[in-house]
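**Student:**
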Amino acid sequence: MKSRKTQRLMGDALTYLVFLFALIFFGGPLLWLLSLSIRGPQEIFITSLRLIPEDPTFENYTEVLYTAQFSVFLLNSLKLALAGSIGAMLVSAPAAYAFSRLTFRGSGGLLVGVLALQMVSPLVVVIPLYRYFDRLNLLDSYFSTSMVYIAILVPLATWMLKGFFDGIPPALDDAAMVDGCTRFGAFRRVTLPLILPGLTSVFVLTAILAWGEFVVPYVLLSDPSMFPISIGILNFQGNYAANSTNVLAAGGVLAMLPAIATFVILQRFIVRALTSGAIKG
Amino acid sequence: MTPAKKAFTRRGLVGENRPTLWLAPLLAVVTLFYLYPAFEVLRYSLTNASLLKPDYEYTLSTFTQTLSDPVLYGVLKTTAIFVVASIVLQLILGLVIAVAVNRASKRRLPGRVFMRSLVLSAWVMPGVVIGIVWAIVLNDADYGLANLLLGAIGLGSVPWLSTPSTALASVILANVWRGTAFSMILQYAGLQSIPDELYEAAEVDGAGKLQSFFYITIPQLRPILMINIILITISTLNTFDMILPLTGGGPGQATEVLVLRTYNVIFQNFSLSGGAVLAVIMLLISLALTLAYRRLLRSEGTL
Chain A
275 MKSRKTQRLM GDALTYLVFL FALIFFGGPL LWLLSLSIRG PQEIFITSLR
325 LIPEDPTFEN YTEVLYTAQF SVFLLNSLKL ALAGSIGAML VSAPAAYAFS
375 RLTFRGSGGL LVGVLALQMV SPLVVVIPLY RYFDRLNLLD SYFSTSMVYI
425 AILVPLATWM LKGFFDGIPP ALDDAAMVDG CTRFGAFRRV TLPLILPGLT
475 SVFVLTAILA WGEFVVPYVL LSDPSMFPIS IGILNFQGNY AANSTNVLAA
525 GGVLAMLPAI ATFVILQRFI VRALTSGAIK G
Chain B
8 MTPAKKAFTR RGLVGENRPT LWLAPLLAVV TLFYLYPAFE VLRYSLTNAS
58 LLKPDYEYTL STFTQTLSDP VLYGVLKTTA IFVVASIVLQ LILGLVIAVA
108 VNRASKRRLP GRVFMRSLVL SAWVMPGVVI GIVWAIVLND ADYGLANLLL
158 GAIGLGSVPW LSTPSTALAS VILANVWRGT AFSMILQYAG LQSIPDELYE
208 AAEVDGAGKL QSFFYITIPQ LRPILMINII LITISTLNTF DMILPLTGGG
258 PGQATEVLVL RTYNVIFQNF SLSGGAVLAV IMLLISLALT LAYRRLLRSE
308 GTL
């Protein structure tokens, strides 16, 4: 019979074995990308596992930012991500409040309907819109494109925000209304401020999703100066890749950095929002 | 609020305690960007519409042609392999990491937060960048990271992206890299909700670690695993961004999944109606998955 102590030590060793595997599998490709992004052209094709190049350089970053116009693409992504997530919050917050607080016929069915929207591929949404926007002269427009971003983010935002509203006792709204607030006043002055952590996490999560959105701008935008980073980098890969993998790698680092940094800083909020959205509804 | 306005809002349909105004923006978005497109996709699937000419007429022939096209079945088979393999691998890998992170946080072992952040970083990256990262890592030449690692343990290089079977495996690998984080988060939340008493009782009864895992952990996680399977299926079916930079659907059509095929039929072959038929198939799949999801949430008493 093994003693409890050796059993516990074996468990710890096993835990770190899993960590080591995850470190290599998840961290390896990212480290490799970082390593390539600081190599000069003569060090791309070396067949050794050395991570830090002999002659590290940041030229790839300046080249990709200014010559390949990634600075424009990054700014475009930021605009679209902010428009999409702010719009999605404006549409979702009142709806989520109604689903959480008001009793009305068909509320359960509607909520499932919203869930169903989350399962629809953005491509299916965009196909008819492409033709429709073409006729209305709304292709290559940030207005129409951000509207579609909003539409795609709304289902997720509504479900998550409803979860956060459910966590606040309705008695607080009622008290505010007894004190003379209208229901909208109670919503704006009492309930919304109380779910501020929830609002933050839904905002950040939708902004991160919008940052990486691909299908919608791929179909609706054709003017390269309007491209978000996801399309900009795909075109860059198609045009130059083979002998400038190091520049492509620098572009990849720049494209993922904002999403990862925002996420890591605010992950405590987001992880909670994610699980409550999927499990508790 | 002015008295006149107040009198207005007291009425039945638009009062503050009625859902109408609260839901109006949502309903507008849903109608314009979901109901209308769904209707249009259905309508186009019954026509011979093309992106190249404005006129079209109604016909059932696009439906019959698309459904009798052997290419469709190849695409569906590829999609099925992609989805099933992603589910199996993400569930297992997600569970293994979740168990490790959960144990580490109970024992307060260092490194657990870093681990969780690292795995989740893969998930928050833009899909196109994930495809590019893996296209670089799985470069067919000897200087790709995967082939360098194989070389380091004395194995020869693999043409990851240029033969049909390895290309599909590569796409699955990249998808698992991306999606494992979500499985891990769900299952970690599930693990934390299992009461410690269950394990203590099992230990008193003489159960070993493995037995408690299979007789307590797995059954307790079952509902979350089911939800997880549905969500992985959805996100894998809608995966499009990652595949383009990685394989572009090739070599040949080896990694052309349903959503990519739909895009290509419309925007490469300009057949709006043919793509609409495929989009209808996608809509039907999402509908079926939604019903399954609703049933699960209902049986958990959360809806």
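Chains as they are written, first to last, in my numbering: chain A, 275 to 555; chain B, 8 to 310. For every residue, glycine included, the Cβ atom is placed at its ideal position computed from N, Cα and C. Please read all numbers here as calculations on a predicted model, not as lab measurements.
From P252(B) to R313(A), what distance separates their C-alpha atoms?
**Tutor:** In the second sequence, the residue the question calls residue 252(B) occupies position 245. In the first sequence, the residue the question calls residue 313(A) occupies position 39. Roughly 22 Å separates the two Cα atoms.
**Student:** The alpha helix (DSSP H) with E263(B) in it runs from where to where?
**Tutor:** Counting from 1 along the second sequence, the entry for residue 263(B) is found at position 256. E263(B) -> no alpha helix (DSSP H), and no H or E assigned at all.
**Student:** Could you give the first and the last residue of the continuous alpha helix (DSSP H) run that contains K60(B)?
**Tutor:** As a position in the second sequence, residue 60(B) is number 53, starting the count at 1. In this chain, K60(B) is not harboured by any alpha helix (DSSP H), its DSSP state being neither H nor E.
**Student:** In angstroms with no decimal places, state the Cα-to-Cα distance between L430(A) and Q392(A).
**Tutor:** Within the first sequence, residue 430(A) is the residue found at index 156, counting from 1. Within the first sequence, residue 392(A) is the residue found at index 118, counting from 1. Going from the Cα of L430(A) to the Cα of Q392(A) covers about 6 Å.
**Student:** Need the endpoints of the alpha helix (DSSP H) that M233(B) sits in, please.
**Tutor:** Residue numbering aside, residue 233(B) sits at position 226 when the second sequence is read from its first letter. That run of the alpha helix (DSSP H) goes I225 to L244.
**Student:** Closer than 7 Å, CB to CB, is R305(B) near chain A or not?
**Tutor:** The residue labelled residue 305(B) in the question sits at position 298 within the second sequence. Residue-level contact check: R305(B) does not touch chain A, since none of the beta carbons of chain A fall below 7 Å from its beta carbon.
**Student:** Beta carbon of M191(B), beta carbon of A105(B): below 7 Å?
**Tutor:** To locate residue 191(B), count along the second sequence from 1; it is residue 184. To locate residue 105(B), count along the second sequence from 1; it is residue 98. Going by C-beta atoms, M191(B) is nearer than 7 Å to A105(B).
**Student:** Hey, out of R462(A), T336(A), R457(A) and R405(A), whose CA is closest to L311(B)'s CA?
**Tutor:** The question about residue 311(B) has no answer, for chain B in this structure spans 8 to 310.
**Student:** Could you tell me whether the Cβ atoms of A481(A) and A390(A) are closer together than 7 Å?
**Tutor:** Taking the first sequence and counting its residues from 1, one reaches residue 481(A) at position 207. Taking the first sequence and counting its residues from 1, one reaches residue 390(A) at position 116. No, the Cβ-Cβ distance between A481(A) and A390(A) is not below 7 Å.
**Student:** If you pair each beta-carbon of the segment 412-425 of chain A with each one of the segment 63-72 of chain B, do three or more pairs fall below 8 Å?
**Tutor:** no
**Student:** To test your reading of the DSSP string, which unbroken alpha helix (DSSP H) runs of 4 or more residues are found completely within the segment 410-436 of chain A?
**Tutor:** none
**Student:** In whole angstroms, what separates the C-alpha of I228(A) from that of A209(B)?
**Tutor:** Within the shown structure, residues of chain A are numbered from 275 to 555, placing residue 228(A) beyond reach of any answer.
**Student:** I'd like to check one pair, G526(A) with V136(B): are the Cβ atoms closer than 7 Å?
**Tutor:** As a position in the second sequence, residue 136(B) is number 129, starting the count at 1. As a position in the first sequence, residue 526(A) is number 252, starting the count at 1. Taking 7 Å as the Cβ cut-off, V136(B) and G526(A) qualify as a contacting pair.
**Student:** Can you name, in chain order, every residue of its own chain whose Cβ lies under 7 Å from the Cβ of S277(A), other than the five neighbours on each side?
**Tutor:** The sequence position of residue 277(A) within the first sequence is 3, counting from 1. Once the five neighbours on either side are set aside, S277(A) has no close Cβ partner at all.
**Student:** Starting from the C-beta of G555(A), find all residues in its chain whose C-beta is less than 6 Å away, skip the five residues before and the five after it, and write them out in chain order.
**Tutor:** Translated into positions along the first sequence, residue 555(A) becomes position 281. Low confidence applies here, because G555(A) scores a pLDDT of 38, under 50, leaving its location unreliable and the question unanswered by this model.
**Student:** Verify whether the separation of the beta carbon atoms of I503(A) and L348(A) is less than 7 Å.
**Tutor:** As a first step, residue 503(A) must be located in the first sequence, where it is residue number 229. As a first step, residue 348(A) must be located in the first sequence, where it is residue number 74. Going by C-beta atoms, I503(A) is nearer than 7 Å to L348(A).
**Student:** Along the chain, which unbroken stretches of the alpha helix (DSSP H) at least 4 residues long are found entirely within the segment 318-342 of chain A?
**Tutor:** 333-336
**Student:** Apply the 10 Å Cβ neighbour rule to D447(A) and answer buried if 16 or more other Cβ atoms are within range, or exposed otherwise.
**Tutor:** Translated into the one-based positions of the first sequence, residue 447(A) becomes position 173. With 16 or more Cβ atoms within 10 Å of its Cβ, D447(A) is classed as buried.
**Student:** With 16 other CB atoms within 10 Å as the buried threshold, where does Y51(B) fall?
**Tutor:** As a first step, residue 51(B) must be located in the second sequence, where it is residue number 44. Around the CB of Y51(B), 16 or more other CB atoms lie within 10 Å, so the residue is classed as buried.
**Student:** For chain A, is any of its Cβ atoms less than 7 Å away from the one on R18(B)?
**Tutor:** Here residue 18(B) corresponds to residue number 11 of the second sequence, with the count starting at 1. Unreliable positioning characterises R18(B) in this predicted model, as indicated by a pLDDT of 48, which lies under 50. The coordinate reading is nonetheless provided below. Chain A, which has no Cβ nearer than 7 Å to the Cβ of R18(B), makes this no.
**Student:** From S112(B) to R119(B), what does the alpha carbon distance come to, in whole angstroms?
**Tutor:** Counting from one through the second sequence, the residue named residue 112(B) turns up at place 105. Counting from one through the second sequence, the residue named residue 119(B) turns up at place 112. Roughly 7 Å separates the two Cα atoms.
**Student:** How should E328(A) be labelled, buried or exposed, when 16 other C-beta atoms within 10 angstroms of its C-beta is the threshold for buried?
**Tutor:** Position 54 of the first sequence, counted from the first residue, corresponds to residue 328(A). Its Cβ having fewer than 16 others within 10 Å, E328(A) is exposed.
**Student:** So, with DSSP's three-state summary, where would you put T54(B)?
**Tutor:** For the purposes of this step, residue 54(B) is identified with residue 47 of the second sequence, where counting begins at 1. The answer is strand: DSSP assigns T54(B) an E or B state.
**Student:** On the three-state DSSP scale, how would you describe P32(B)?
**Tutor:** Here residue 32(B) corresponds to residue number 25 of the second sequence, with the count starting at 1. Here P32(B) sits in helix by DSSP.
**Student:** Within 10 angstroms of its Cβ, does R302(B) collect 16 or more other Cβ (buried), or is it exposed?
**Tutor:** On the second sequence, residue 302(B) is found 295 positions in, with the first residue counted as 1. Label assigned to R302(B): exposed.
**Student:** Specify the secondary structure class of E23(B) as computed by DSSP and reduced to three states.
**Tutor:** For the purposes of this step, residue 23(B) is taken as residue 16 along the second sequence, with counting starting at 1. It is coil, neither helix nor strand.
**Student:** For S395(A), count the other beta carbons within 10 Å of its own beta carbon; 16 or more makes it buried, fewer makes it exposed. Which is it?
**Tutor:** On the first sequence, position 121 is the one that residue 395(A) refers to. Counting Cβ neighbours within 10 Å, S395(A) comes out buried, since at least 16 surround it.
**Student:** When the distance is taken between beta carbons, is G282(B) closer than 7 Å to I73(B)?
**Tutor:** Translated into the one-based positions of the second sequence, residue 73(B) becomes position 66. Translated into the one-based positions of the second sequence, residue 282(B) becomes position 275. Inspection of the sequence shows that residue 73(B) is occupied by Thr rather than by Ile. The answer is no: Cβ separation not under 7 Å.
**Student:** Here's the rule: buried if 16 or more other CB atoms are within 10 angstroms of the residue's CB, otherwise exposed. What is T38(B)?
**Tutor:** Taking the second sequence and counting its residues from 1, the one referred to as residue 38(B) is at position 31. So T38(B) counts as exposed.
**Student:** Could you tell me whether the Cβ atoms of L205(B) and T86(B) are closer together than 7 Å?
**Tutor:** Residue mapping note: residue 205(B) aligns to position 198 of the second sequence, counting from 1. Residue mapping note: residue 86(B) aligns to position 79 of the second sequence, counting from 1. Not a contact, by the Cβ cut-off of 7 Å.
**Student:** Select from S242(B), D147(B), V140(B) and A196(B) the residue whose C-alpha is nearest the C-alpha of S311(A).
**Tutor:** Translated into positions along the first sequence, residue 311(A) becomes position 37. The shortest Cα separation from S311(A) among S242(B), D147(B), V140(B) and A196(B) belongs to V140(B).
**Student:** Let's test the definition: count the other Cβ atoms within 10 Å of the Cβ of N4(B) and tell me whether it reaches 16, buried, or not, exposed.
**Tutor:** Absent from the structure is residue 4(B), since the part of chain B shown begins at 8 and ends at 310.
**Student:** Among the candidates S351(A), V464(A), L323(A) and S309(A), whose CA atom is the shortest distance from the CA of N334(A)?
**Tutor:** On the first sequence, residue 334(A) is found 60 positions in, with the first residue counted as 1. Closest by alpha carbon: S309(A).
**Student:** Kindly indicate the opening and closing residues of the alpha helix (DSSP H) around F344(A).
**Tutor:** Residue numbering aside, residue 344(A) sits at position 70 when the first sequence is read from its first letter. Its alpha helix (DSSP H) spans residues F344 to R375.
**Student:** Does the pairing of the segment 257-264 of chain B with the segment 26-34 of chain B give three or more beta-carbon distances under 8 Å?
**Tutor:** no
**Student:** What span of residues does the alpha helix (DSSP H) with D147(B) cover, start to end?
**Tutor:** Sequence index remark: in the second sequence, residue 147(B) carries index 140 (1-based). Element bounds for D147(B): n/a, residue is neither H nor E.
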